[in-house]
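Residue numbers (the numbering used here): 901 to 1107. Even glycine gets a Cβ: it sits at the ideal position worked out from N, Cα and C.
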């Protein structure tokens, strides 16, 4: 009888994801990290909270990490999650991350219109310390991506560039056609208004 391999358990999958390199250990002099975002929007920030933040929590178990989600009727702290909802209106909140150090210094990272991997790289560049700098230099020298999933970010950026170039080309053609039509209209008006224009038809017969 052939024994089938035992599939990985959900727990083993979670642990595998948490231990995926590189290890996102932050500076020991950090006091807290606070993220502010709107609950139902800000796609990049939401993906960061779902995909990248668990690995950051895993690598920094004693760091105070808070996620403030605006859009609810009242403030509510979710037990064990470090997630908080406040009364800030949707049109006021802009997704941002505050990185606070023990000496009181606060650095802010704008999370608007960014991929989750981009947000992670910016956080690590700000507070990753010497270990991250060494890893970053080695990865870039070898031509390797810094984070898992970074390839999707590059493909999306390339696609946006192609669409932008295509749109610019189409817009240029439209402008060129309009300018050509205007030039034709001007020439016709000049011809009709010319005093030495030869007469044709009945006008050529009449005195």
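Item, Value
"Alpha helix (DSSP H) containing residue 932: first to last residue?", "From DSSP, residue 932 is part of no alpha helix (DSSP H) but of the beta strand (DSSP E) over 930-938."
"Alpha carbon to alpha carbon, how far is residue 962 from residue 949?", "18 Å"
"Nearest-angstrom Cα distance between residue 1014 and residue 1002?", "28 Å"
"Give me the Cα-Cα distance between residue 974 and residue 936, rounded to the nearest whole angstrom.", "At residue 974, the pLDDT of 40 sits below 50, so the modelled position is not reliable; the number obtained from the coordinates is stated separately. Answer to the nearest angstrom: the Cα atoms are 15 Å apart."
"In terms of residue numbering, what span does the beta strand (DSSP E) encompassing residue 1042 cover?", "First-last for residue 1042: 1029-1042, but that is the alpha helix (DSSP H), not the beta strand (DSSP E)."
"Can you give, in chain order, each stretch of the alpha helix (DSSP H) that sits fully within the region 938-971 and has at least 4 residues?", "943-947, 953-959"
"Nearest by alpha-carbon distance to residue 874: which of 1036, 931, 1022 is it?", "No statement about residue 874 is possible, as the shown extent of the chain runs from 901 to 1107 and does not include it."
"Within the continuous alpha helix (DSSP H) that includes residue 913, where are the two ends?", "910-918"
"At which residues does the beta strand (DSSP E) containing residue 1007 begin and terminate?", "1006-1010"
"Relative to the C-alpha of residue 947, which candidate in 921, 934, 1011, 916 has its C-alpha closest?", "1011"
"Taking residue 922 as the reference, give the member of 1020, 1082, 1041 with the closest Cα.", "1020"
"Determine the DSSP secondary structure at residue 1051, reduced to helix, strand or coil.", "helix"
"What residue does the beta strand (DSSP E) around residue 996 start on, and which one ends it?", "996-1001"
"On the premise that residue 960 lies in contact with residue 911, defined as a C-beta separation below 8 Å, what is that separation, rounded to the nearest angstrom?", "With a Cβ gap of about 21 Å, residue 911 and residue 960 do not count as contacting."
"How about residue 997 and residue 1009: are their beta carbons less than 8 Å apart?", "yes"
"Nearest by alpha-carbon distance to residue 1049: which of 1017, 933, 1005 is it?", "1017"
"Would you mind working out which of 964, 1036, 1032, 995 sits nearest residue 970, comparing C-alpha positions?", "995"
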